[in-house]
Ligand SMILES: [Zn+2]
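Below is the structure:
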């Protein structure tokens, strides 16, 4: 697991940690390593902008952001190129799954708004490992959806888009730590683009 310094209660898994949503052995091992309860609240990610608030463990349905005010209730998302983001207020914590569709749909803003509406705005954010603009080859429709100002080039010279730049802009003035590794190039991580894999790395957060 890769721990955040800015938000000590957020950890990003690598491929070897496995997908603790579906792999119970992986979940038990990650929970023991982090010294957290092994019953987590999870979501079915659909590349949208729906936010769900967790007040119990288990599968909470379709959403791309999950937050909780409950202590000792770990929340989790899983990624394999998309951007995992942790957000913390004073007494709540959130995880956001943002690929290009989520960035375009406004999932980060939806999570920030939800926290603010509940009276505990996010004051710090952490961005986890995801595919970099070095490798994220995309078509015009993706550039248009994310924003033409985020157009970039891969190392091969083909068109890419910087999800990192878009995510940072959407986080605005919030203090942000970036734990960047390009998931496609760094084989510690599962990459859907590289392997077409169903494997995911988990991100976990807890109060
Ligand atoms: Zn790369």
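Numbering (the numbering used here), first residue to last: 7 to 213.
We put the beta carbon where it would ideally sit given N, CA and C, even for glycine.
{"Asked": "Do residue 82 and residue 134 have their C-beta atoms closer together than 8 Å?", "Found": "no"}
{"Asked": "Indicate the three-state DSSP secondary structure (helix, strand or coil) for residue 51 in the structure shown.", "Found": "coil"}
{"Asked": "Which residues count as close to ligand 1 when the rule is a CB under 6 Å from any of its heavy atoms, in chain order?", "Found": "138, 140, 141, 188, 190 and 191"}
{"Asked": "Please check the pair residue 149 and residue 157, which I expect to be a contact at CB under 8 Å, by giving their CB distance rounded to whole angstroms.", "Found": "5 Å"}
{"Asked": "Select from 115, 41, 87 and 178 the residue whose C-alpha is nearest the C-alpha of residue 71.", "Found": "115"}
{"Asked": "Which same chain residues end up closer than 6 Å to residue 36 when comparing Cβ atoms and leaving out the 5 residues on each side of it in sequence?", "Found": "23 and 26"}
{"Asked": "Please give the ranges of any beta strand (DSSP E) in the region 177–205, keeping only runs that are unbroken, at least 3 residues long and fully inside the region.", "Found": "181–184"}
{"Asked": "Taking a contact to mean a Cβ-Cβ separation below 8 Å, would you say residue 91 touches residue 212 in this structure?", "Found": "no"}
{"Asked": "Let me confirm a value: residue 84 is counted as buried when at least 16 other C-beta atoms fall within 10 Å, else exposed. Which label applies?", "Found": "buried"}
{"Asked": "Taking one C-beta from the region 116–132 and one from the region 172–182 each time, how about it: are there three or more such pairs within less than 8 Å?", "Found": "yes"}
{"Asked": "Rounded C-beta distance between residue 189 and residue 195? I'm assuming under 8 Å.", "Found": "4 Å"}
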